Amino acid sequence: MTNSTISPITEQVINELLISIVREMRATMIRSAYSSTVYEMMDFSCALFDPAGRMVAQAEDLGSHVIPMPATVKAIMEQFGTDLAPGDVVMLNDPYHSGTHLNDVSIVYPLFVGDELLIFPANRAHWDDVGGSTPGSMSGRARDVFQEGLRIPPIKVYERGKVNQAVLDLVFLNMRVPDERRGDFRAMMATCRLAERRIAELVGKYGLDTVKAAIEMNMGRSEERMRRNIRQLREGEYVYEDYLEFYGAEGLDPVLMRLALTVRDGSIHADFAGSSDQVPGPVNSTLAVTTGGVVIALKSILDPEGLINHGSFLPITVSAPEGTIVNATPPVPVGSHGEIRKRAIAVTLGAIAQAAPELVAGDMQGTSNHNMIGGLNPRHGRPFVYYECPIGGNGAFAEADGPSVICTVDWGGDMSPMKPAEALELEVPLKIERTELETDSAGPGRRRGGLGVRREIRILAESASYSVLSDRAVLPPFGVLGGRSGRPNRYDVRRDGDELPIETPGKISGLQLRAGDLVTQHAAGGGGYGDPLKRPPEDVARDVAWGYVTTEHARVKYGVVIRLDQTVDEEATVRQRNLLHTREIHLRVVSGQDEFAGQLGRHRILRLHPDTLAALGAANGDVAELTGPGPAPLRGWVRADGSSAPATLPLGPFARRVLGVEDGAEIDVRIVHKGAPRPVSFTTTGD
Amino acid sequence: MPDEVMLGIDVGGTFTDLMAFEPASGRLWAAKVPTTPDNQARGVLDAIGKAAVALLNVPRIVHGTTVATNAILEGKGARVAVLTTRGFRDVLEIGRGNRPRLYDLKFVPRPPLVARPYRIEVDERVLADGSVERPITAAAVAAAVRELAGRSADVEAWAICFLHAYRNDANERSAAKHLVELVGDGYISCSGTVIPEYREYERFSTTVLNAMVSPSIDRYLSALEARLAASGYRHPLLIMQSNGGTMTAQASRRLPAVTMLSGPAGGINGAVFLARAAELPDVITCDMGGTSTDVCLIKAYRARTTYLGTIAGHPTRLPQIEINTVGAGGGSIASVDIGPVLKVGPESAGARPGPACYGLGGTAATVTDANVVLGRLGGGERLAGEVALAPEHARAAVTTVAAELGGLSPEAAAEGIIRLAVVKMAGAIREISVHRGDDPRDFVLMAYGGAGPLVASELASELGIEQVLIPPYPGNLSALGLLASPLRQDLVQTQVVTLEALDDPTLSAHFDKLAEAARRLLAEESVDVDAVTVEGGCDVRYVGQSYALFVPVDPARPDRAALEEQFHRQHQVVYGHSETREAIEIVNFRVSALGPTVEPPIRSDSTHDDGRPTTTRRPVYFGGRLEDATVYDRAALRSGTAMSGPAIVEEMGSTTCLWPGDRAQVDRWGNLRLTVGDRA
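So the sequences go chain by chain: A and B.
Residue numbering for the first sequence follows my numbering, beginning at 656 and increasing consecutively.
Residue numbering for the second sequence follows my numbering, beginning at 637 and increasing consecutively.
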């Protein structure tokens, strides 16, 4: 359907009005919601979709919520099709029905003009608890989706205006803090009802055909703009790989995410073939979420200035084999939508960097970092759930250091994850003892990555349980163009000064805490950009003076020697930088295979001569990072192999493409994680 | 003895405006001089000189100043050191962790208000229930000051920001006392004093903003007071606050951050004042200037107050008139993006080079240029009082935009540029009206500022508003508002308590305490306590919600049952539902004490003039058609003069545009009252 008779002015006016409707939906939600996750964190989104599932308008809403929504709308159309009638309202949260994770509950509201289905206002909000095995529902050690909460397929909670109370009763009964959930539901309904009134006014004023034509034209323009920007890139196929951290009985068993990105003729195809098969742990998600990661990354890299609607996404296609971590099928756990999405962003960054290194940034936190503490609140004897996402640093880029403690690019808008300590202490039996930028957490580089947050939480309730669903707790966010990794995410719990053992870093299920325990969350730093030995020494000196970087870190990572008075010792710096340069370990690439190992997962094996291993100070099972002329690094698990020649490294074709090297080329190697996997007990659901 | 003269003096970005009122004769006159940015006091004295007023005869000067705002916007605030609870020095840098720009990998956040070396931690802790877990010691404060080492000499002001100080500020007060012992008297702002509300980032930010503007406001006010005294002024200088009230210069020094919206608040008071005279209780104001437009909602003669302001991206929680600003003004630049897509603003041509039609070298098409192309501006008037128009430059700039839009006519492009600016402004008005449960169609649109009257009719039409009012001094409304502003003190106390746990006497006790404190503050400003009126209310929510609604309560006779009923009703209006079975809690108690209201400084003109003023005619584009518009000189209009569109009303500093079908009449206070016609 086209109507080229409307002027570009009318088109713009109508689209401004559509965005303004979404803003009004947001205002309604913020001010009437009941859970601090909505009103303090703003972990919710509103948007408008057309019946084909294309996103028509969003405002200060989360890309992580909005971008997978087209699949949600399609799932609803498939399920109900022509059975949708005015007054129907559909609710769902099941990732296997194109949700994100079970905690994100969506309300989708078909709006009719006469008999014609025009638009779907939709609202997706994070509910603090949706049942499941642990308070807060997300569990780092869930083995299937049933442990992650109540699954709601697309259900009409209103049918022709009449509420289906039985369904709502069933839903709320299965959640730990039902009153809050009822409040959230009411607020979500209010936003959609409001959109209904506003859309009716819009159509009344401009006419249905004009509104539809304006939507269509606007998408066309965004599409054209995106295609133009894609055409600026060198055509070709670009590949990258990265990991998520799955724990099996033998311990860490990383799963591989692999991407081939084809840039051709103004469009981009992302193919995830070769990624690991799905596993019984929360490192899987659905194709809708994976697609979201790719689309968010490409929009943010290629067209940050353009309008925001589905047109920008049309030149991008994504495919992934079923039954893999990026396109999971039931019943594996899928609480890790944030982790899959953020890793999809990372591999997209790594691949597109080969086409446009000046446009990318170092990798970022790599996880939504769900932290949950639940128990009984002694103030009123009712259950409480603390839910927060301690925020890390962002990657550095050509023009600036990475921002510290700021949402990653899939969480733009109003999302404000750092809840006030004062609000938390008023609300839940916890005492926040520290909220600060973590020194030395940032990835070194000519441009430094951003710092992550360090938050310390004292348990005041008699007992509580602690769950974490995160990632990048072993493999840190990578730097680009010679920039180094940030610190990985870490969580420790101290009781009477002693650290409690956590055998699965970043994946904690119902760890039992008691009053006086101190939980410390260390959020990851962002990856650096460019060689840290080329960072201007005065920038390093400022970082030291301001406490972002210690003197020791400055000397070892940046080769900058800082005197006691915090000035740069120029001569010593030249010597130190030369020394660090000569200490770098280079390997010559020889022809080999892309070799992988793993139980259920797959990880790359790097066969090194024992002397090389010794020179690196590394042992079997440590993780090495290789850098070559290619902009992003390649990681693998080292294995001593006497049959490799000293100072050489056999690499397969995929690895050589990532590093941008041929046989005989020289690459750098360094260790980014030490320690071979240790077995894990899965005897109880809670630790 | 000569008659007394009251003065309102507003310092704006470009001009310093003065309104003088002589109550005995009813005479009201204006003076306008260029602002003197290096020292605003000079411009103030220039204005007084130009108005030919002898300060010996002046009993009252109310002043609107941009000193505080400029200090923050231009990054020229004082060097502040922050003392804060151990473990929390990065709160000001971390904020809430949000990423305001969507889908931009290279987003760079604004730097924190205070760099890290100037944020020092001290050993102390108050808990959420207000109990002191760890008292502050003199040694702890001394250690903190030592930590600043060589940097302490640069420190011009201090902010003391401790956790839970909204509940118990004993540690903050002790720290301030110890600090004075160490560094002597200075500018010290304590968070529990500046704004006793929970949420540490927002409270700390407000406190630091206050500290940052303390020295500059103090210096400025001292200099101004000295000059005024030297010229014979013998009364307290009154300063306009963001909340719409005034306080003495002395009181402003204690809490200078309350002057952040000093100028715009004067404009709103002017609007309220004119609305009262014209008996229009519900008004939406639209002040369109060169780079942006401020809109505000007035209901029952009261501007809505908000506690959720920001300045340069930094939150401030001091009560202020809720003014919503959008980056669309006369100087906003129109550009064409690939698509082609037309964009208007937020970039502005500023005053130099200004719109293309200024002929000062600007080549970008602006909203003003679009108005010139359409003939709505261009009758030989001088913009901003000094710039002669160069219509050929405007046409060239707009023609470029039209060509990039795919061969539109310059007139069609010009109408598009104005239309988009209007849609943005309408969006800003929707945010303060429909988003809060008010229907703009129930309001009168009052348009002022240099460019407001030009687009008023179109903006009203976009919002479905029928009645528009253009005040008699569209460029001087702030100064007029200052004349009409009462003294005011706002106090707040955070105290979370369920309604169940309250009876009327306890409720009364809460308000009595605050009201007494507020009265005392006004008494210190030499106000007759008997003439003070105290208003109040509570921030109320359902237990479990976070954001609360302000519910007005009569502090003299609080009624629990009425409060409860009113809250449910407001919740229903604002959010579309209320939950009468849910428990309710009060979060904050608030009172405002107001000094006596000032006598209206305008008089109605009862002479009714049916005579036809002399007019000229010129062709003007409306909706794609060239119409023969009548052009009026506003200065020649008399009460009762009626007109109908298409018409243009020109006056010094502003132009009003009537579309075909619009009708207008001058009322007895000199307002131009438009009735917007139906647009096909």
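We treat Cβ as the ideally placed atom computed from N, Cα and C, and that holds for glycine.
As the structure is a prediction and not an experimental result, all values here were calculated from the model.
Item, Value
"Length of the line joining the Cα atoms of ALA712 (chain A) and PHE775 (chain A)", "11 angstroms"
"Rounded C-alpha distance that separates PRO909 (chain A) from ILE1000 (chain A)", "18 angstroms"
"Interface residues of chain A facing GLU1067 (chain B) [CB-CB closer than 9 angstroms]", "SER675, ARG678, GLU679, ALA682"
"Chain-ordered residues of the stretch 788-813 of chain B with a beta carbon less than 8 angstroms from chain A", "LEU799, HIS800, TYR802"
"DSSP bridge partner residues for MET883 (chain B) (one or two, in chain order)", "B:ILE875"
"Proximity test, Cβ basis, 8 angstroms: PHE1052 (chain A) and chain B", "yes"
"GLY718 (chain A): contacting residues in chain B (beta-carbon distance under 8 angstroms)", "LEU738, TYR739"
"GLY644 (chain B) to PHE657 (chain B) span [Cα, whole Å]", "9 angstroms"
"Proximal residues to GLY723 (chain B) (C-beta, below 8 angstroms), its chain only, five neighbours per side dropped", "GLU757"
"Option in B:ALA778, B:VAL777, B:ARG761 with minimal Cα separation from ARG1321 (chain B)", "Examination of residue 1321 (chain B) is not possible in this model, given that chain B is present from 637 through 1316 alone."
"Collapsed DSSP secondary structure at TRP1066 (chain A) in the structure displayed", "helix"
"Assigned exposure category for LYS712 (chain B) - 16 Cβ within 10 Å defines buried", "exposed"
"Where ASP1342 (chain A) sits in the DSSP three-state scheme", "Below a pLDDT of 50, predicted positions are generally treated as unreliable, and ASP1342 (chain A), at 39, falls in that range; the measurement from the model is reported next regardless. In the structure shown, ASP1342 (chain A) sits in coil (DSSP, three-state: anything other than H, G, I, E or B)."
"Cβ-based burial, THR929 (chain B) [other Cβ within 10 Å; buried from 16]", "buried"
"CA-to-CA distance, GLY828 (chain B) to PRO1058 (chain A), given in whole angstroms", "30 angstroms"
"Residue-level contact to chain B via CB, LEU1081 (chain A), 8 angstroms cutoff", "yes"
"Best match in B:PRO955, B:ILE947, B:CYS993, B:LEU873 for proximity to LEU969 (chain B) [C-alpha to C-alpha]", "The amino acid at residue 969 (chain B) is misidentified as Leu; the sequence shows Ile. Selected option, being the one with the closest Cα: B:CYS993."
"DSSP-derived helix/strand/coil call for ALA1020 (chain B)", "In this prediction, ALA1020 (chain B) has a pLDDT of 46, which is less than 50 and means its spatial position is unreliable; what the coordinates show is noted afterwards. Coil."
"Cross-chain neighbours of TRP1201 (chain A) in chain B, by beta carbon under 8 angstroms", "ALA751, ARG752, PRO753"
"Any C-beta of chain A under 8 angstroms from that of ILE974 (chain B)", "yes"
"Listed by chain order, chain A residues near PRO1324 (chain B) by CB distance under 7 angstroms", "The shown model of chain B, from 637 to 1316, leaves out residue 1324 (chain B), and the question about it has no answer."
"Burial state of SER1118 (chain A) (16 or more Cβ within 10 Å)", "exposed"
"Every unbroken alpha helix (DSSP H) within the stretch 711-789 of chain A, with a cutoff of 4 residues, ordered by chain", "718-721, 724-735"
"DSSP three-state assignment for ARG1190 (chain A), whether helix, strand or coil", "coil"
"Proximal residues to VAL641 (chain B) (C-beta, below 6 angstroms), its chain only, five neighbours per side dropped", "ALA656, GLU658, VAL689, ASN693, VAL694"
"DSSP beta-bridge partners of LYS811 (chain A)", "A:VAL745"
"Beta carbon of ASP716 (chain A) nearer than 8 angstroms to that of GLY1068 (chain A)", "yes"
"Beta-carbon proximity list for GLU1171 (chain B), same chain, < 6 angstroms, skipping 5 on both sides", "SER1228"
"Alpha helix (DSSP H) segment containing CYS847 (chain A), residue limits", "833-861"
"CB of ALA1159 (chain B) within 8 angstroms of CB of LEU1127 (chain B), strictly", "no"
"Residue nearest to MET1019 (chain A) in terms of C-alpha spacing, selected from A:ASP1194, A:GLU814, A:GLY1048, A:TYR1184", "A:GLY1048"
"Members of the stretch 821-854 of chain B that neighbour chain A once the beta carbon cut-off is set at 9 angstroms", "TYR834, ARG835, GLU836, TYR837, GLU838, ARG839"
"Where GLY1330 (chain A) falls, given that 16 or more other Cβ within 10 Å makes a residue buried", "exposed"
"Under 8 angstroms from the C-beta of GLU671 (chain A): neighbouring residues of chain B", "LEU1056, VAL1059, LYS1060, GLY1063"
"Under 8 angstroms between C-beta atoms of GLY1105 (chain A) and GLY1138 (chain A)", "no"
"8 angstroms Cβ cutoff, GLY1067 (chain A) in contact with chain B", "yes"
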